[in-house]
Each structure stands twice: as structure tokens, then as C-alpha cells.
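Enquirer:
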Amino acid sequence: APFQEDLYKYFVSS
Amino acid sequence: MLEARLEQSSVLKKVVDAIKDLVQDCNFDCNDSGIQLQAMDNSHVALVAMHLKTEGFALYRCDRNIALGINLVSLQKVLRAAQNEDVMTLKAEDSPDALSLVFENSENDRISEYDLKLMDIDQEHLGIPETEYGATVKMPSAEFQRICRDLSLLSESVAIEATKEGIKFSCTGDIGKGAVTLRQNPNVEKPELGTTIELQEPVALTFSLKYLVNFCKASGLSNTVTISLSNEVPLLIEYEMEHGYVRFYLAPKIGD
Numbered sequence: 001a002p003f004q005e006d007l008y009k010y011f012v013s014s
Numbered sequence: 001m002l003e004a005r006l007e008q009s010s011v012l013k014k015v016v017d018a019i020k021d022l023v024q025d026c027n028f029d030c031n032d033s034g035i036q037l038q039a040m041d042n043s044h045v046a047l048v049a050m051h052l053k054t055e056g057f058a059l060y061r062c063d064r065n066i067a068l069g070i071n072l073v074s075l076q077k078v079l080r081a082a083q084n085e086d087v088m089t090l091k092a093e094d095s096p097d098a099l100s101l102v103f104e105n106s107e108n109d110r111i112s113e114y115d116l117k118l119m120d121i122d123q124e125h126l127g128i129p130e131t132e133y134g135a136t137v138k139m140p141s142a143e144f145q146r147i148c149r150d151l152s153l154l155s156e157s158v159a160i161e162a163t164k165e166g167i168k169f170s171c172t173g174d175i176g177k178g179a180v181t182l183r184q185n186p187n188v189e190k191p192e193l194g195t196t197i198e199l200q201e202p203v204a205l206t207f208s209l210k211y212l213v214n215f216c217k218a219s220g221l222s223n224t225v226t227i228s229l230s231n232e233v234p235l236l237i238e239y240e241m242e243h244g245y246v247r248f249y250l251a252p253k254i255g256d
């Protein structure tokens, strides 16, 4: 099955 | 202190129904722009962002920023006591231990008063970059919900492809495969029933249907849903309300 990405890769802590 | 009055309890009831299966504990951040919430699910795959703007409240007063740390299951228990048409007033002190909720019926002969204990939630706030999406699709929320539910019976994930032909949702599972293609079809008489597709570039992405089905619980908030897609960035699903929104972001699946 395709690997599910993590949102941390796209969104940065602010 | 916070004092916020909604003409209809159903607004908050629907918002909580829409997000409670995705996140358990979250801060309702109250400030002079209204009540906002941003929370990620435990697996860091989905994020919900909600804003109830001050204009949506019959009365709104918030002197300083207040974070209401709320367990959504507990809040839902209290909200069950509110009828959809009840006027709802939320009140909290500046450093509150509890949120006070008052529900009044339209005849003004019943007043229900509840207090919900609050919790300290150390919540991270994520910055979401401004994105020019490759494709933006606006369609009836009920139709999107039906497609997600139907395909989820066949497979765990759905491929979404936006091209100039339309938007195609397809999946393959153990029992077979399925696909639904929607063509651009603006409805002049009833825009909320039409489908519009703005395409900058073709987009093809794969997402978990479990999460999409979950997001569709917000369908009661709006007749339409806006789906924004770009290659290799999280999907944005937005339910716009008259004075606010609920947005869901979902990370794409990659590789095989």
C-alpha cells in the first residue's frame, strides 16, 4: 500500500 | 473574559460533530477575531482548522486571548442538552477552569446552565504555507460524501486526478475496482448543486479514504465543499459557513 506521509513534512511549527 | 452568543446551538453542535472523531483534546482559541481551533490527529496525517468569526455571533466579547482546553467528547455530552434552535451563550473568565454554557429556547421559558471542566493542553500550532493549488474543485458536499463512502467499501485509498476532462476518483480493492468522474457542470439556477473545476495544471494524488470519510462528517455545515489539490502537497477540504469555516488538510500517500 502507498506510504502515508506525515504533515510535519509540509507544515512548520510556529 | 469571554462572552459569546450563538443564535442557533446547531452551529457549534455541527462543528463538534464534524471534528470529534479526528481529534480528542484541543484548544478553542478565543480572541477578537472569534473562536479558532487548529489540531492534528494522533497520527500527524490530518489537520483540522476551524474559525467561527465574530460576525457569526449575536453577541461577542473577548477582552484578551483565552485558550479553552476542551475534551471534545465531554463537550459533545454537554451540547446534547442543547436543542438545535436554542440560543447558546458561552462564558469564561480570563484564566478559566471551566466553560459555562447556557441554552435558552426561543420561547424564553427554559434556561439550561452547564459548566464544562477545562484542561491544560499544550498544543503545537502549525504554520500552513500559502499555496497556489493546481486544481480547485467546488461540488455538492453530499455528492462528495457519497463518492467517498462508496469507494471506501472497495479500498483503503483513492486516487484523485484532476484534468481538463474533470475530476476522477478511482480505487482498486480485493473485490474489484471503481471510479467516479465528475465533469464541470455549473448550475446557474442553483450554484450549490453544480460542480466547478479551476485547473492550473493536471494533478494526481492518492489519499486515505478513512480520513476523507471522516472529513465528510462536516457535510452538514455546508451544501458545498471545496477540494484544493496540488501535486505533492496536502489536500485541502473546506466547508465554508456563513461566518466561518472548517478546513481539513490531509497528507498524500506516496509510493507503492
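From first to last, the protein sequence lines are chains V and U. If you read the first sequence in the numbering used here, its first letter stands for residue 1, the second for the next number, and so on. If you read the second sequence in the numbering used here, its first letter stands for residue 1, the second for the next number, and so on. Where a beta carbon is used, it is the ideal one built from N, C-alpha and C, also for glycine. This one's a predicted model, so the numbers in the text were calculated from it and none came from an experiment.
1) When you compare only the Cα positions, how much space is there between Gly132 (chain U) and Leu212 (chain U)?
2) Going along the chain, which residues of its own chain have a beta-carbon closer than 7 angstroms to the beta-carbon of Ala18 (chain U), five neighbours each way excluded?
3) Taking the beta carbon of Ile175 (chain U) as the centre, do at least 16 other beta carbons fall within 10 Å, making it buried, or is it exposed?
4) Hey, Leu75 (chain U) and Met88 (chain U): beta-carbon distance below 8 angstroms or not?
5) Which residues in chain V have a C-beta closer than 8 angstroms to the C-beta of Gln40 (chain U)? List them in chain order.
6) Between which two residues does the beta strand (DSSP E) holding Gln145 (chain U) run?
7) Quick one: is Ala82 (chain U) near chain V, going by C-beta distance under 8 angstroms?
8) Return the residues of the segment 203–234 of chain U that lie within a Cβ-Cβ distance of less than 7 angstroms from chain V, sorted by chain order.
9) Ignore the nearest five residues each way along the sequence and tell me which others in Leu72 (chain U)'s own chain have a CB closer than 8 angstroms to its CB.
10) Could you give the DSSP three-state label for Gly220 (chain U): helix, strand or coil?
11) With a threshold of 7 angstroms on Cβ separation, who are the neighbours of Asn31 (chain U) within its own chain once the five nearest residues in sequence on each side are excluded?
12) Residues in its own chain within less than 7 angstroms of Asp94 (chain U) by CB, not counting five upstream and five downstream?
13) If we ignore side chains and look at the alpha-carbon of each, how far apart do Ser170 (chain U) and Thr224 (chain U) end up?
14) DSSP three-state call for Gln123 (chain U): helix, strand or coil?
15) Tyr239 (chain U): which of U:Pro252, U:Asp115, U:Ala49, U:Leu99 sits nearest, CA to CA?
16) Which one of U:Arg146, U:Glu55, U:Leu182, U:Lys253 has the shortest CA to CA distance from Gly194 (chain U)?
17) Would Val137 (chain U) and Thr206 (chain U) be called neighbours here (beta carbons separated by less than 8 angstroms)?
18) CA-CA distance, Gly127 (chain U) and Val12 (chain V)?
19) Between which residues of its own chain and Ser155 (chain U) is the CB-CB distance below 7 angstroms, once the five residues before and five after are set aside?
20) Need the endpoints of the beta strand (DSSP E) that Leu99 (chain U) sits in, please.
21) Classify Gly255 (chain U): buried if its beta carbon has 16 or more other beta carbons within 10 angstroms, exposed otherwise.
Expert: From the atom records:
1) Indexing the second sequence from 1 puts residue 132 (chain U) at position 132. Indexing the second sequence from 1 puts residue 212 (chain U) at position 212. Sequence inspection shows Glu at residue 132 (chain U); the Gly mentioned does not correspond to that position. Approximately 22 angstroms, taken between the alpha carbons.
2) In the second sequence, residue 18 (chain U) corresponds to position 18, counting from 1. Lys217, Ala218, Leu221, Val246, listed in sequence order.
3) By one-based count along the second sequence, residue 175 (chain U) stands at place 175. Looking at its Cβ environment, which holds fewer than 16 other Cβ atoms inside 10 Å, Ile175 (chain U) is exposed.
4) As a first step, residue 75 (chain U) is located in the second sequence; it is residue number 75 there, counting from the start. As a first step, residue 88 (chain U) is located in the second sequence; it is residue number 88 there, counting from the start. No; because the gap between Cβ atoms is not below 8 angstroms, this pair is not in contact.
5) Locating residue 40 (chain U) in the second sequence gives position 40, where the first residue counts as 1. A small correction: the amino acid at residue 40 (chain U) is Met; Gln does not occupy that position in the sequence shown. Going along chain V in sequence order, the residues near Met40 (chain U) (Cβ under 8 angstroms) are Leu7.
6) As a working mapping, residue 145 (chain U) is identified with position 145 in the second sequence. Not the beta strand (DSSP E): Gln145 (chain U) falls in the alpha helix (DSSP H), residues 141–152.
7) What you label residue 82 (chain U) is simply residue 82 of the second sequence in a count that begins at 1. No, Ala82 (chain U) lies away from the interface with chain V (no Cβ there is under 8 angstroms from its Cβ).
8) Thr206, Ser208, Val233, Pro234
9) Here residue 72 (chain U) refers to the residue found at position 72 when the second sequence is read from its first residue. Contacts found: Val16, Ile19, Lys20, Val23, Gln24, Asp25, Cys26.
10) Position 220 of the second sequence, counted from the start, is the residue given in the question as residue 220 (chain U). Three-state DSSP puts Gly220 (chain U) in a helix.
11) Indexing the second sequence from 1 puts residue 31 (chain U) at position 31. Excluding residues within five positions, the ones whose Cβ falls inside 7 angstroms are Cys62, Asn65.
12) The count along the second sequence starts at 1 and reaches residue 94 (chain U) at position 94. Same-chain partners within the cutoff: Met1, Arg64, Ile66.
13) Numbered from its first residue, the second sequence carries residue 170 (chain U) at position 170. Numbered from its first residue, the second sequence carries residue 224 (chain U) at position 224. Using only the alpha carbons, I get a separation of about 21 angstroms.
14) For the purposes of this step, residue 123 (chain U) is taken as the residue at position 123 of the second sequence. Looking at Gln123 (chain U) - three-state DSSP - the assignment turns out to be coil, as it is neither helix nor strand.
15) What you label residue 239 (chain U) is simply residue 239 of the second sequence in a count that begins at 1. Minimum Cα distance to Tyr239 (chain U) is reached at U:Ala49.
16) Translated into positions along the second sequence, residue 194 (chain U) becomes position 194. Gly194 (chain U) has its Cα closest to that of U:Leu182, out of U:Arg146, U:Glu55, U:Leu182, U:Lys253.
17) Residue 137 (chain U) sits at position 137 when you count from the first residue of the second sequence. Residue 206 (chain U) sits at position 206 when you count from the first residue of the second sequence. Not in contact: Val137 (chain U) and Thr206 (chain U) (Cβ atoms no closer than 8 angstroms).
18) Your numbering for residue 127 (chain U) matches position 127 in the second sequence. Your numbering for residue 12 (chain V) matches position 12 in the first sequence. Answer to the nearest angstrom: the Cα atoms are 5 angstroms apart.
19) On the second sequence, residue 155 (chain U) is found 155 positions in, with the first residue counted as 1. Answer for Ser155 (chain U): Cys171, Thr172, Gly173, Leu209, listed in chain order.
20) Here residue 99 (chain U) is taken as the residue at index 99 of the second sequence, counted from 1. That run of the beta strand (DSSP E) goes 98–104.
21) Against the second sequence, residue 255 (chain U) aligns to sequence position 255. Classification of Gly255 (chain U): exposed, given that the 10 Å Cβ count is below 16.
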